[in-house]
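Asker: Throughout the sequence shown, residue numbering follows the UniProt record's numbering, covering 1 to 327 in sequence. Please find one structure pasted underneath; my questions will follow.
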Amino acid sequence: MEHINPINAEQQPDRFTANLDWNLLRSFIVIVEEGSITRAAHRLLRGQPAISLALQRLEQEFGTRLIDRGRGHFALTAAGRALYRECLDIHAGIAKLREATTLAQSEISGHVTIALASHVITPLLDDLLGRTYRAHPRVTYRIHSATSANVAAALRDRTASFGICLVNRRLPDLDYGRLYREFFGFYCGPAHPLFGQEGLGIEALKGLDAVSFETDDLNDALRPVALLRRQYELDQRIVGRSSHLEEVRRMILCGLGIGALPVHVAQSDVEQGRLWRLPPYDDPPAVDIYLLTNPRKRFNRAEKLMIDALQDAIATRPLAERTYPSV
1 MEHINPINAE QQPDRFTANL DWNLLRSFIV IVEEGSITRA AHRLLRGQPA
51 ISLALQRLEQ EFGTRLIDRG RGHFALTAAG RALYRECLDI HAGIAKLREA
101 TTLAQSEISG HVTIALASHV ITPLLDDLLG RTYRAHPRVT YRIHSATSAN
151 VAAALRDRTA SFGICLVNRR LPDLDYGRLY REFFGFYCGP AHPLFGQEGL
201 GIEALKGLDA VSFETDDLND ALRPVALLRR QYELDQRIVG RSSHLEEVRR
251 MILCGLGIGA LPVHVAQSDV EQGRLWRLPP YDDPPAVDIY LLTNPRKRFN
301 RAEKLMIDAL QDAIATRPLA ERTYPSV
């Protein structure tokens, strides 16, 4: 027996697959299915000599006879039957290539970084996150809470996909869309003397210690709340400030003072007896929350999907449907 160099033996499978013409396998499948070289040639729209040559080349590649054929006789050999089974698997795999690439194109993946002001609570975002996760499980997320100014800075620096926050001063290089409107109310915690008292008037809040957001200022994003204090000359002493809703809420619950919170956010605390709503009950301060995007940022498909959905909500839903509590 001829000795085969081990190195050459290892190289033979690669050389075989590199030299094999895959069209020969397709021709072989059709020859077997038609049971005739003539009918196979007709189906493949080729001449009979070309199909006969294809079968000969394939038998040469494998070094064995694949079909016993003669006048009135056509039958697969054992090698031919084995090859035919493998060819069917190969053909099925090739047929799936277009489906696989189409599916890959339709499957959205990518990372989305969302910058939020601390008190952003809206089903517009929550529902979108849930829908995106279920429809496109390969998408990943990072959500970080920051002051509204830092949210805008992240968008300006292109370190966030989009931002949702209050707006005091618009930056010229960012796009702004009013995502929703919320109302602010004054609240106190269980330790406060006003807790549980009904029928109070706005004058009951005059001169009381208060806690507030950093942006609760006539020159900042919570200007409507600051205007309310000035309008009614509440003359409140601010004993605590924070840029995060949870910390403002903490100070209210601990009894440091009364404070303003988004009505729809505080509602569950009111229902469970942890917070008490204070006046004014009618016409509370309204604050708009904005979607911020940077048109110069290059978005991946996941980022674009979510931004488009939020912008579509802004464009198609009336503001009343994007106002909390519902008006």
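Backbone N, C-alpha and C define an ideal beta-carbon position, used for all residues, glycine too. These numbers were taken from a predicted model, which means no experiment stands behind them.
1. Is there contact between the region 74-84 and the region 106-121, where contact requires at least three CB pairs shorter than 8 Å?
2. Report the residue from G63, G177 and P190 whose alpha carbon sits nearest the alpha carbon of Q272.
3. What did DSSP end up calling F213 once you bin it into helix, strand or coil?
4. Taking M306 as the reference, which of L227, F162, R296 and I289 has the closest Cα?
5. Go to E247, then tell me how far its alpha helix (DSSP H) extends in each direction, as first and last residue.
6. Beta-carbon within less than 6 Å of D288's beta-carbon, same chain only, minus the 5 sequence neighbours each way: which residues are those?
7. What does R178 pair with, by DSSP beta-bridge criteria?
8. Determine whether the beta carbon atoms of G185 and S212 lie at a separation below 9 Å.
9. Take D21 as the anchor and find which of H42, G47, Q56 and Q231 has the nearest alpha-carbon.
10. Using the C-alpha atoms, what's the distance from D157 back to C188?
11. By the three-class DSSP mapping on this structure, what secondary structure does D68 have?
12. Which class does H73 belong to by DSSP, given the choice of helix, strand or coil?
13. Please report the distance separating the alpha-carbon of E59 from that of I37.
Answerer: Short version:
1. no
2. Here residue 272 corresponds to residue number 272 of the sequence shown, with the count starting at 1. Cα-wise, what sits closest to Q272 is P190.
3. For the purposes of this step, residue 213 is identified with residue 213 of the sequence shown, where counting begins at 1. In this structure, F213 counts as strand in the three-state DSSP scheme.
4. On the sequence shown, residue 306 is found 306 positions in, with the first residue counted as 1. Closest option to M306, Cα to Cα, is F162.
5. On the sequence shown, residue 247 is found 247 positions in, with the first residue counted as 1. Taken as a continuous stretch (DSSP letters only), the alpha helix (DSSP H) holding E247 covers L245 to L253.
6. Counting from 1 along the sequence shown, the entry for residue 288 is found at position 288. Closer than 6 Å at Cβ, skipping near neighbours: R178 and R181.
7. Start at 1 with the first residue of the sequence shown, and residue 178 comes out as number 178. Beta-bridge pairing links R178 to Y290.
8. Numbered from 1 along the sequence shown, position 185 holds the residue referred to as residue 185. Numbered from 1 along the sequence shown, position 212 holds the residue referred to as residue 212. For G185 and S212, no; Cβs fall outside 9 Å.
9. For the purposes of this step, residue 21 is taken as the residue at position 21 of the sequence shown. With distances taken between Cα atoms, D21 lies closest to Q56.
10. Position 188 of the sequence shown holds residue 188. Position 157 of the sequence shown holds residue 157. Each residue's Cα considered, the two are about 39 Å apart.
11. Counted from its first residue, the sequence shown places residue 68 at position 68. Reduced to three states, the DSSP call for D68 is strand.
12. For the purposes of this step, residue 73 is identified with residue 73 of the sequence shown, where counting begins at 1. H73: strand per DSSP, three-state reduction.
13. Position 59 of the sequence shown, counted from the first residue, corresponds to residue 59. Position 37 of the sequence shown, counted from the first residue, corresponds to residue 37. Answer to the nearest angstrom: the Cα atoms are 15 Å apart.
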